[in-house]
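> Protein chains in written order, with the numbering used here: chain A, 1086 to 1202; chain B, 19 to 131.
Just so you know, even glycine gets a beta-carbon here, dropped at the ideal spot from N, CA and C.
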Amino acid sequence: AQSVTQLDSQVPVFEEAPVELRCNYSSSVSVYLFWYVQYPNQGLQLLLKYLSGSTLVKGINGFEAEFNKSQTSFHLRKPSVHISDTAEYFCAVTPGAGGTSYGKLTFGQGTILTVHP
Amino acid sequence: KAGVTQTPRYLIKTRGQQVTLSCSPISGHRSVSWYQQTPGQGLQFLFEYFSETQRNKGNFPGRFSGRQFSNSRSEMNVSTLELGDSALYLCASSEGFTGNTIYFGEGSWLTVV
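#1: What residues of chain D sit near F1175 of chain A, judged by a beta carbon separation below 9 Å?
#2: From G84 of chain B to G1188 of chain A, what distance separates their C-alpha atoms?
#3: Count the other CB atoms within 10 Å of the CB of L1106 of chain A; is the residue buried (16 or more) or exposed (fewer)?
#4: What do you reckon, are the CB atoms on W52 of chain B and M94 of chain B nearer than 8 Å?
#5: I'd like the span of the beta strand (DSSP E) that includes G84 of chain B, first residue to last.
#6: Just verifying my parser: in three-state terms, what is the DSSP assignment at L1161 of chain A?
#7: Tell me the DSSP bridge mates of G60 of chain B?
#8: Taking the C-alpha atoms as reference points, what is the distance between F122 of chain B and I1197 of chain A?
#9: Quick check: is the beta carbon of A1150 of chain A nearer than 8 Å to any beta carbon in chain B?
#10: My output table needs one value for N1109 of chain A: the three-state DSSP class, helix, strand or coil.
#11: Do you know whose CA, among A:E1149, A:Q1156, A:K1154 and A:L1133, lies nearest K1163 of chain A's CA?
#12: Suppose contacts are defined by Cβ-Cβ distances below 8 Å. Is V1200 of chain A in contact with I1168 of chain A by that definition?
#13: Name the chain B residues whose beta carbon is nearer than 7 Å to that of G1128 of chain A?
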């Protein structure tokens, strides 16, 4: 089984400041990792995913994340945020190659990012 | 390409009733999965269907059921509704293989009164 812990439930930040949203995971097998964003009254949109290869993953809207296997972390970063980045962000995992948990993502509890002018 | 479409978007039901939610996946996607989102429990996996067969199931009571049709469209049903079933129900689709991106719809908001 897998579990995901998002270390901050809320992160306030000023516009144009950098931000890091932290995600740790636990799993007895290799995993694939994802970050999704949810804007108010909408579904989830994929920001980026890590399957294998380079541990630094670049996503949409200027976000990037770094996979750290030894620390079982997958933190999301953006060097300069905008008001429009205000949303809830979810880290998620699924078993990696050879896994059979089709369609099943295990999500963290979410981090609400609020960008202030 | 059209995204994942869910209907209805909003509905209100009374305790004890049943409800059916519908989902049309992205064209070409054979896997459809369902999630429940609540403020207290967060996002929880309900079940996943691939080519009309349930491949994976979460830890929900038997009141929650689903099915998938030959055109990959899916429905989920909740019988004997309880107040605690009030939630956002999200449908997601993918090509159905490990590592594929899972795309979500905008959800169906269910309120049980």
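This is what the structure gives:
#1: Considering every chain present, this structure includes no chain D. Its protein chains are A and B.
#2: Residue numbering aside, residue 84 of chain B sits at position 66 when the second sequence is read from its first letter. Residue numbering aside, residue 1188 of chain A sits at position 103 when the first sequence is read from its first letter. Roughly 14 Å separates the two Cα atoms.
#3: Along the first sequence, read from residue 1 onward, the residue named residue 1106 of chain A stands at position 21. It is buried - the Cβ of L1106 of chain A has at least 16 other Cβ atoms within 10 Å.
#4: In the second sequence, counting from the first residue as 1, residue 52 of chain B sits at position 34. In the second sequence, counting from the first residue as 1, residue 94 of chain B sits at position 76. It is a contact, given that the beta carbons lie within the stated cut-off.
#5: Counting from 1 along the second sequence, the entry for residue 84 of chain B is found at position 66. G84 of chain B -> beta strand (DSSP E) spans F82 to Q86.
#6: The residue you call residue 1161 of chain A lines up with position 76 of the first sequence. Of the three classes helix, strand and coil, the one that applies to L1161 of chain A here is strand, per DSSP.
#7: If you number the second sequence from 1, residue 60 of chain B lands on position 42. Its beta-bridge partners are B:T56.
#8: Here residue 122 of chain B corresponds to residue number 104 of the second sequence, with the count starting at 1. Here residue 1197 of chain A corresponds to residue number 112 of the first sequence, with the count starting at 1. Looking at the two C-alpha atoms, the distance is approximately 19 Å.
#9: Numbered from 1 along the first sequence, position 65 holds the residue referred to as residue 1150 of chain A. Chain B contact via Cβ: absent.
#10: Your numbering for residue 1109 of chain A matches position 24 in the first sequence. In the structure shown, N1109 of chain A sits in a strand (DSSP, three-state: E or B).
#11: Locating residue 1163 of chain A in the first sequence gives position 78, counting from the first residue. Comparing Cα-Cα distances from K1163 of chain A to each of A:E1149, A:Q1156, A:K1154 and A:L1133, the minimum goes to A:E1149.
#12: Counted from its first residue, the first sequence places residue 1200 of chain A at position 115. Counted from its first residue, the first sequence places residue 1168 of chain A at position 83. In this structure, I1168 of chain A lies closer than 8 Å to V1200 of chain A by Cβ.
#13: Here residue 1128 of chain A refers to the residue found at position 43 when the first sequence is read from its first residue. Those within 7 Å of G1128 of chain A in chain B are L108, F122, G123, E124 and G125.
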